[in-house]
Amino acid sequence: MTIVYSILVLGILGGVFGAVLAYASKIFYVEVDPKQEAVRACLAGANCGGCGFPGCDGYAAAVAAGEAPTNRCVAGGPEAAAKIAEIMGVSADAAEKMVAFVPCSGTEGHAEKRFNYTGPVDCRAAMLFGGKSNKTCTFACIGLGNCTRACQFDAIHIVDGVAKVDRSKCVGCGACAEACPKSIIKLIPESQKIMPACSNRDKGAKVMKMCDYGCIGCMRCMRECPASAIMVRDFLAEVDPAKCTGCGHCAEICPRKIIVTFGGKVTVAAAE
Amino acid sequence: MLTNILSISLGAILINNFIFSQFLGCCPFLGCSSKVDTAAGMGLAVVFVMGLASAICWVIDQFILVPLGLEFLQTLAFILVIASLVQFVEMFLKKSVPSLYSALGIYLPLITTNCAVLGVVLLNVQNNYNFIESVVYGITGGLGFMLAIVLFASVRERVAFSEYPECFEGFPICLVSAGLLALAFMGFSGMQIFG
């Protein structure tokens, strides 16, 4: 008899509580904007924070409330932007897809080292030694992979002591740029064809001693660019993506071979 | 009656503090205590749920389980009550007191599996408390939990800025300070109030 009572009592208790909860979920139902749920379904769901909101839910709520543009989801790209725009009933301005770029070519054996660092594998730890790094060049990638650990998409890896971005995997969330204690990682539009792979703003003679692949500010690219898209400021070449046609002439004539062209040819001498 | 309630309250808060002398609810005690704000939020939520759970479980025990001779089902039935109660409270707060919900929100589901809540309802039964005593024991037990977790969070906030051997970094130093705090509460042990 006891066993029957036990089953009955627990069964009834469970049933009653279940019914109360089911009823309560109807009574206490808090309306969520259906748009918010629809928008949330379009997002990549990586919670990467590339949109500048706290997670995908935060962004979806802001979009549904009309407080955020529809094209901020970098991971979702233009497809997500188009879908969200359709839900919100506005025209889609496709977000220019950004990708991370590490402007440093100071690979192992080519950038002079001040000492052999054997401490914790963490760029910030390495920076504690004199506030610089193991490399003489103060602008160089330290290569201990804080960016690799920050990346949720397995898109940035240390190759020969310098971080390298896998552009097919990069979604442009900027987590690596934030994690880089040297702040050298840049987000560039995916359409930009040309980038000088160096961040050093020291004078040419100094750079010559420090790194085989440092920009010495010789201005050859600036003079010879057919589209006048390159400017050398503080001994460092900079490309204006609006003017650059991507002809690749600068990459060929650069005496230091540091100008990278995307879309096939990579002239970084490190390719050797 | 009044002295009885007073002795139950002081006992639950100080002498038989749930965390420091009964070692119940250690998980949220360690997990939710890195900041005083969150610790106070968790503490409040526990007070709330413990009080309600004591009341409802006493009713179920006295009017359903005991008359049918099913005392051995207490643990099972009480877990059922606590889990549904926490769910219900969460829904209720979300609808009617959104500000409190956003303050307690993330802690409420954690309490579902908090052994201190189950502990308090089982102890109510063991000690043969009546309804009022049960509720008082539940609320003051929660207050004791809150006192402990807020104290511990304050300690941890200070420990973060102090120097200790590097090998203690993180959880070890946290457990050591918890132990020292528990030792301090040992001072209350064995005290008797009002005979």
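Protein chains in written order, with this note's numbering: chain A, -16 to 255; chain G, 1274 to 1468.
Cβ atoms here follow ideal geometry from the backbone N, Cα and C, with glycine treated the same way.
For the options A:Gly(-6), A:Met202 and A:Ala210, the alpha carbon positioned closest to that of Asp217 of chain A is the one of A:Met202. Of G:Thr1348, G:Ala1455, G:Phe1461 and G:Val1432, the smallest CA-CA separation from Val1309 of chain G is found for G:Val1432. The alpha-carbon of Leu170 of chain A is positioned some 24 Å away from that of Ile67 of chain A. If the five residues before and after Glu95 of chain A are omitted, its C-beta is found closer than 8 Å to the C-beta atoms of Lys118, Thr119, Cys120, Lys192, Met193 and Cys194, all from its own chain and listed in chain order. Distance from the CA of Val145 of chain A to the CA of Cys227 of chain A, rounded to the nearest whole angstrom, comes to 26 Å. For the 9 Å CB-CB criterion, Phe1291 of chain G and Gly1414 of chain G form a contact.
The secondary-structure analysis by DSSP pairs Lys18 of chain A with nothing; it has no beta-bridge partner. It is roughly 30 Å from the alpha-carbon of Met81 of chain A to the alpha-carbon of Pro17 of chain A. Bounds of any beta strand (DSSP E) do not take in Thr101 of chain A, whose DSSP letter is neither H nor E. Between Leu1383 of chain G and Met1315 of chain G, the gap from beta carbon to beta carbon is short of 9 Å.
The alpha-carbon of Ala48 of chain A is positioned some 41 Å away from that of Gly1443 of chain G. For Phe0 of chain A, the nearest CB of chain G lies under 9 Å from its own CB, placing it at the interface with that chain. Only residues of its own chain outside the window of five on either side were considered, and among them Ala1326, Ser1327, Cys1330 and Phe1351 have a CB closer than 7 Å to the CB of Val1394 of chain G, listed in chain order. In this structure the region -8 to 1 of chain A touches the region 1336 to 1354 of chain G; the number of beta carbon pairs closer than 8 Å is three or more. Within chain G, the residues Met1364, Phe1365, Lys1367 and Lys1368 have their CB atoms less than 7 Å from the CB of Phe11 of chain A, given in chain order. Residue state for His232 of chain A is assigned as helix, using DSSP reduced to three classes. In the three-state reduction of the DSSP assignment, Arg216 of chain A falls in the strand class, which pools E and B. Checking the DSSP bridge columns, you'll see Pro172 of chain A partnered with A:Met81.
Within the region 1276 to 1302 of chain G, no residue has its Cβ closer than 8 Å to any Cβ of chain A. Note that the region 13 to 28 of chain A touches the region 40 to 55 of chain A; at least 3 beta-carbon pairs, one per stretch, sit closer than 8 Å.
Taking 8 Å as the cut-off between beta carbons, the residues of the region 3 to 27 of chain A near chain G are Val3, Leu4, Ala7, Ser8, Ile10, Phe11, Tyr12 and Val13, in sequence order.
The Cβ-Cβ distance between Ile1405 of chain G and Val1320 of chain G does not fall below 9 Å. Excluding residues up to 5 positions away in sequence, Ala43, Ala44 and Ala47 lie with their Cβ nearer than 7 Å to the Cβ of Gln19 of chain A in the same chain.
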